[in-house]
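Numbering (my numbering), first residue to last: 1087 to 1365.
Positions of the beta carbon are idealized from the N, C-alpha and C atoms, including for glycine.
Computed from a predicted structure; not experimentally measured.
Data block below; observations after.
Laid out in structure tokens, this is it:
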């Protein structure tokens, strides 16, 4: 697994790249998109497992996340972030489609990337993601107003008012994690562009529902979540899967970050989904 900077038609992106080991049959390429306040490292435990299974696997920092630079006037729209995903895919696997994996907010970006160019993707897997932003009427009709709405609104107010360092300390006061992990989380958060973080928070509130359009493409979609996922309510994820003609696969003993909590089970879910897609 190699960290490197990848030049694309839309700029340079920080990636973690796990090529297929020598002697292992190569099955294709996989691109993994992280979520809100996340980064490429969220997939660090699954990338080597995917590579050993024959999949050249790449995760990347989205525009303004951690080690991918983001300027205040960059394009942080959903369509812009989806265009970034397509540019990364084109730079890594220009002659064949990739399987696309979106975690949480990365799932919303991934849906738009499929809608903007379905030919680039062999399948889409949504991990702990949802059909739209938390303020969407369809989401609230199924589950009421999720707690995430208040958190995101507070985040949007706090970042320009008190700055990233204060926001990080407020968010992580109750977390009991080893010092080295807390240090990484802090470094990652403070390295991210405030404009990127606030744009993503706004998308998580306001992103439109694109599920019916996604279902109308020829791209197979799989949906998975942790048994203790605490983002989109389960009923919302279940209804999304139903509209996509599939069912939610539940990864046991995992929360919202399934690739961290249960990397082997996450890889098993993905590999099975890709086998179904290619049949």
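Residue 1143 and residue 1345 have their C-alpha atoms roughly 13 Å apart. Of the candidates 1117, 1259, 1222 and 1253, 1117 places its Cα closest to the Cα of residue 1199.
The continuous beta strand (DSSP E) containing residue 1100 extends over residues 1097–1104.
Taking C-beta atoms as the reference points, residue 1092 and residue 1133 fail to come closer than 9 Å. The beta strand (DSSP E) runs lying completely inside the segment 1164–1221 and spanning 3 residues or more are 1184–1189 and 1207–1213, given in chain order.
For residue 1335, the pairing in a beta bridge is given by DSSP as 1310.
If you check the CB distance, residue 1097 and residue 1173 come in under 9 Å. The continuous beta strand (DSSP E) containing residue 1117 extends over residues 1114–1119. In this structure, residue 1235 keeps its C-beta atom at 9 Å or more from the C-beta atom of residue 1319. Less than 9 Å separates the beta-carbon of residue 1175 from that of residue 1184. A contact between stretches requires three or more CB pairs, one per stretch, nearer than 8 Å, and the segment 1274–1290 meets this requirement with the segment 1247–1255. Closest in C-alpha terms to residue 1330, from the list 1189, 1181, 1149 and 1209, comes 1209.
Three or more beta-carbon pairs drawn from the segment 1214–1228 and the segment 1308–1325 are found closer than 8 Å, and the two stretches are therefore classed as touching. In the three-state scheme derived from DSSP, where H, G and I count as helix and E and B as strand, residue 1141 is classed as strand.
Per the coordinates, the alpha-carbon of residue 1313 lies some 11 Å from the alpha-carbon of residue 1334.
Nearest to residue 1275 by C-alpha distance, out of 1088, 1288, 1124 and 1100, is 1124. In this structure, the straight-line span from the alpha carbon of residue 1239 to that of residue 1263 is close to 26 Å. By the neighbour-count criterion, in which a residue is buried when 16 or more other Cβ atoms sit within 10 angstroms of its Cβ, residue 1146 is buried.
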